[in-house]
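Protein chains: 2
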Amino acid sequence: MNKKTRNTEAVILEAAKHVFQRKGMDGARMQEIADEAGINKAMLHYYYKSKQQLFMAVFKSTFALLAPQLFEILNDNGSLEEKIRQLVERHISFMMVQPDLPCFIFQEVNRTPEFVAHVKNELSKVNMEKFNCQVQKDVEQKKILPIKGEQLFINILALNLFPFLVTPVLNEIINKSNEEFNEMLEDRKTEVADFIIRAIKV
Amino acid sequence: MNKKTRNTEAVILEAAKHVFQRKGMDGARMQEIADEAGINKAMLHYYYKSKQQLFMAVFKSTFALLAPQLFEILNDNGSLEEKIRQLVERHISFMMVQPDLPCFIFQEVNRTPEFVAHVKNELSKVNMEKFNCQVQKDVEQKKILPIKGEQLFINILALNLFPFLVTPVLNEIINKSNEEFNEMLEDRKTEVADFIIRAIKV
DNA sequence: GTCTATAGCCAGATAGAC
DNA sequence: GTCTATCTGGCTATAGAC
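This is the structure in structure tokens:
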């Protein structure tokens, strides 16, 4: 059955996402994925030839959720300030629902050249130039203080993503309950935007 | 020989650092560590009972390099502005020599509760209060704009560490050679401090 | 302390019945 | 398409000679 096929395939992918995102490529076990999917180990190989290929499917589908957020920063029209406020709010909201996602992606890309290649390919359409130009123009018109587009871009991403990349350690340092941690993140939706804008405004 | 013992032990630890930092706990192979140390696999078990224990030794000795940097931020005396400038410069310089280090720590802590326990223990002496008080005092005296100590602390860490946590992806986006990437990091030593200070100054 | 050889286990992959 | 049973390889860990 075609419907059944697609259903099982989707169930597997979903289960694989959970396990791979928790344990990483090397730490994950096919058995655990099968258990979480409520099916047999052999089925995993029936639908996705090998562990490698199943992982790649997970990686791609996960990355596909993140990539558009980069495009947004770089290709969106509108004033810099407006853009920054919207993006910070949207990015942090998004990651509060999927907190493991950025960590998963960066971890795997850091050690496997194969994933770098995929990322490279997906991001080939990303164009820093539009953003760089806008920043440069605002600098020339004295709307903002001198800063390179790249540096501003990195700073925006850093302030948005960092807490999600290092949650466990951060928790030990600032010593908060999960609830308080979420409140802190909630605050950041506006705090971070204010912080950035104050840093660049004339 | 006691000297020989300590020497071999140190050689193993050094080799293990390299391999574990590149591959992580699950991805690393004892054989590879032995090769890199130029000795036999059995020796690893002679000196460090198990892979787990060898890894723990690596993790602890690596974390021991990072922890003091947190203390510095939180316990140092001196004005906020002074402190920020010094810290940013020192942290980025440090990580430019050991770029894999923060990524390694955060990756492992993210998935293994055992390491969280170690981190918790090591950071038990870290006290946010002194820093929080200083920030609050500066806010009350209108030296800086209203901000919570925690948020400022997170922002400082984020801007310092982020490029090192996501180097490969960042490289694809901003599309730089290694040399240019290092120049960009070099710039950040002052750029980031300026950025932060502008964001909080009255 | 250092090596070779090997035990023992576990995980990914496949064969084959239904 | 889905299952059970099994193969195979690779990895940690140890036994034992030197």
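Residue numbers (this note's numbering), protein chains in the order written: chain A, 1 to 202; chain B, 1001 to 1202. The beta carbon of each residue, even a glycine, is placed where N, CA and C say it ideally should be. From a predicted model like this one, the values you see are computed outputs, not experimental measurements.
To be precise: take each residue of the segment 23-56 of chain A, compare its Cβ to all Cβ atoms of chain B, and keep it if any distance is under 7 Å. Which residues remain?
Across the segment 23-56 of chain A, CB contacts with chain B closer than 7 Å involve Lys23, Gly24, Asp26 and Gly27, in sequence order along the chain.
Please return the same chain residues whose Cβ sits closer than 7 Å to the Cβ of Asn1160 of chain B, not counting the five positions on each side in sequence.
The residue given as residue 1160 of chain B occupies position 160 in the second sequence. So the qualifying residues of the chain are Val1088, His1091, Ile1092 and Val1192.
Could you tell me if Val1097 of chain B is buried or exposed, where buried requires 16 or more neighbouring beta carbons within 10 angstroms of its beta carbon?
For the purposes of this step, residue 1097 of chain B is taken as the residue at position 97 of the second sequence. Classification of Val1097 of chain B: exposed, given that the 10 Å Cβ count is below 16.
Going along the segment 138-158 of chain A in order, which residues come within less than 8 Å of chain B, judged by CB to CB distance?
Residues Leu145, Ile147, Lys148, Glu150, Gln151, Phe153, Ile154, Asn155, Leu157 and Ala158.
With a threshold of 16 other CB atoms inside 10 Å of the CB of Val1119 of chain B, please say whether the residue is buried or exposed.
In the second sequence, counting from the first residue as 1, residue 1119 of chain B sits at position 119. Buried, because 16 or more other Cβ atoms sit within 10 Å of the Cβ of Val1119 of chain B.
Classify Asn1110 of chain B as buried or exposed, calling it buried when 16 or more other Cβ atoms lie within 10 Å of its own Cβ.
Locating residue 1110 of chain B in the second sequence gives position 110, counting from the first residue. With a threshold of 16 other beta carbon atoms within 10 Å, Asn1110 of chain B meets it and is buried.
Report buried or exposed for Arg1188 of chain B, applying the criterion of at least 16 other Cβ atoms within 10 angstroms of its Cβ.
Along the second sequence, one-based indexing puts residue 1188 of chain B at 188. Buried, since its Cβ has 16 or more Cβ neighbours within 10 Å.
Short-range partners of chain A found in the segment 1098-1123 of chain B, where Cβ spacing is below 7 Å:
Per Cβ criterion, the list reads Cys1103, Phe1106, Gln1107, Val1109, Asn1110, Arg1111, Val1116, Val1119, Lys1120 and Leu1123.
Below-9 Å beta-carbon distance, Asp187 of chain A vs any chain B residue:
For the purposes of this step, residue 187 of chain A is taken as residue 187 along the first sequence, with counting starting at 1. Look at Asp187 of chain A: its C-beta is under 9 Å from a C-beta on chain B.
CA-to-CA distance, Arg22 of chain A to Ala1199 of chain B, given in whole angstroms:
Numbered from 1 along the second sequence, position 199 holds the residue referred to as residue 1199 of chain B. Numbered from 1 along the first sequence, position 22 holds the residue referred to as residue 22 of chain A. Per the coordinates, the alpha-carbon of Ala1199 of chain B lies some 36 Å from the alpha-carbon of Arg22 of chain A.
Taking only beta-carbon atoms, is Thr167 of chain A less than 9 Å away from chain B?
On the first sequence, residue 167 of chain A is found 167 positions in, with the first residue counted as 1. By this cut-off, Thr167 of chain A is an interface position.
Same chain only: Cβ atoms within 6 Å of Phe1104 of chain B, ignoring 5 sequence neighbours per side
By 1-based counting over the second sequence, the position of residue 1104 of chain B is 104. Excluding sequence neighbours, Phe1104 of chain B sits near Gln1021.
Express the C-alpha separation of Ala16 of chain A and Glu72 of chain A in angstroms, rounding to a whole number.
For the purposes of this step, residue 72 of chain A is identified with residue 72 of the first sequence, where counting begins at 1. For the purposes of this step, residue 16 of chain A is identified with residue 16 of the first sequence, where counting begins at 1. The alpha-carbon atoms of Glu72 of chain A and Ala16 of chain A are separated by roughly 28 Å.
Counting only runs that start and end within the segment 65-120 of chain A, where is the beta strand (DSSP E) found for 3 or more residues in a row?
Segments of the beta strand (DSSP E) lying fully in the segment 65-120 of chain A: there are none.
The segment 68-83 of chain A in contact with the segment 131-148 of chain A per 3-pair CB rule at 8 Å:
Contact holds: three or more Cβ-Cβ distances are below 8 Å.
For Glu956 of chain B, is the classification buried or exposed, using 16 other Cβ atoms within 10 angstroms of its Cβ as the cut-off for buried?
No statement about residue 956 of chain B is possible, as the shown extent of chain B runs from 1001 to 1202 and does not include it.
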